Amino acid sequence: MKLAGDVLDELLIGARDNGWATADGVSLAQLRSDAGRLRFHVHKVRTGPVSPEIDVLTPTPQDKAAARSLSAVYGVGPQPLHTDGAHHEDPPDVLFFSCDEVSAVPTLLLPMARPASGPLGFDFRHGLFTVASGKGGFLAPAWTQAGKVRYDPGCMTAADDRASRVSKFMELRLVDGSPTPFTWDTPGRVLAINNRTVLHARGDASSETDRVLKRMAVRVHTWPDTPTAQQGSAS
Ligand SMILES: [Fe+2]
Numbered sequence: 079m080k081l082a083g084d085v086l087d088e089l090l091i092g093a094r095d096n097g098w099a100t101a102d103g104v105s106l107a108q109l110r111s112d113a114g115r116l117r118f119h120v121h122k123v124r125t126g127p128v129s130p131e132i133d134v135l136t137p138t139p140q141d142k143a144a145a146r147s148l149s150a151v152y153g154v155g156p157q158p159l160h161t162d163g164a165h166h167e168d169p170p171d172v173l174f175f176s177c178d179e180v181s182a183v184p185t186l187l188l189p190m191a192r193p194a195s196g197p198l199g200f201d202f203r204h205g206l207f208t209v210a211s212g213k214g215g216f217l218a219p220a221w222t223q224a225g226k227v228r229y230d231p232g233c234m235t236a237a238d239d240r241a242s243r244v245s246k247f248m249e250l251r252l253v254d255g256s257p258t259p260f261t262w263d264t265p266g267r268v269l270a271i272n273n274r275t276v277l278h279a280r281g282d283a284s285s286e287t288d289r290v291l292k293r294m295a296v297r298v299h300t301w302p303d304t305p306t307a308q309q310g311s312a313s
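Quick note: the sequence shown uses the working numbering, first residue 79, plus one each step.
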């Protein structure tokens, strides 16, 4: 049986190299414990004034949703693809999700390859969005110079023509991009997603409003070394 720390390393390497990865037989609480002891810092994605390091996510109707959240716009229906923690100046690198029960509501995944150089690439790097963050806000592009994506139409509004072109591109990409559905068919399975290269979204939860997903978001300061015999664990 693998140690949780080894599973954590494999999940991080899989997310870094392949966009997402899965593991069984380990809980988010165990991963959280190792995250605290090992090499990366847990970055809390705050959903309110006080939020735990492991969030419990349930489909939320529009009238009960927090302002500027996706639920405030989409309720329990299908979400648009997005990154989590986009309202943070330094968003989390990796998201760990788990579902204790089987769920028919998929999590949709779409890798975002870096836009080609040229006008669109320039727009991605230099078009500015106003990012709503708490009582204030800040300006940020959809791509950093390091090629990391930040995109959440719930809290980001185009502030110039370049960003407007990015929004239009993303809307088309989200429709035509053929995201990969991840099905929660194994109780307790952990899904790790690279939050800086892969967009995700919850499918339509209107017929399963009691669905419960746990989430832990982390910022990685030092990635694990890839073992020489490492086998990819991406799904
Ligand atoms: Fe999300």
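All C-beta atoms, glycine included, are put in the ideal place defined by N, C-alpha and C.
Model, not experiment: these values are computed from the prediction.
- Going by DSSP, H204 is part of no beta strand (DSSP E) but of the alpha helix (DSSP H) stretching over 197 to 204.
- Contact check between the segment 195 to 210 and the segment 235 to 249: three or more CB pairs, one atom from each, fall below 8 angstroms, which counts as touching.
- R115: member of the alpha helix (DSSP H) spanning 106 to 115, first to last residue.
- It is roughly 18 angstroms from the alpha-carbon of V209 to the alpha-carbon of D171.
- For H160, the CB falls within less than 7 angstroms of some heavy atom of ligand 1.
- Shown here, R243 sits in a helix according to DSSP, grouped into three states.
- When Cβ pairs closer than 8 angstroms are counted between the two stretches, the segment 152 to 163 is seen to touch the segment 272 to 291, the count reaching three or more.
- Taking every protein chain shown into account, the CB of R115 has fewer than 16 other CB atoms within 10 angstroms, so this residue is exposed.
- Per the coordinates, the alpha-carbon of C177 lies some 9 angstroms from the alpha-carbon of D263.
- The beta carbon of V120 is closer than 6 angstroms to those of A113, E131, V296 in its chain, skipping five residues each way along the sequence.
- In this structure, the alpha-carbon of L89 lies about 24 angstroms from that of T222.
- A direct Cα-to-Cα measurement between T258 and M190 gives close to 12 angstroms.
- Taken from the Cβ of H278, at least one heavy atom of ligand 1 lies inside 7 angstroms.
- In this structure, the beta-carbon distance from L186 to G281 falls below 8 angstroms.
- A buried status is given to Q157, since no fewer than 16 other beta-carbon atoms sit within 10 Å of its beta-carbon.
- L159: not part of any alpha helix (DSSP H); DSSP gives it neither H nor E.
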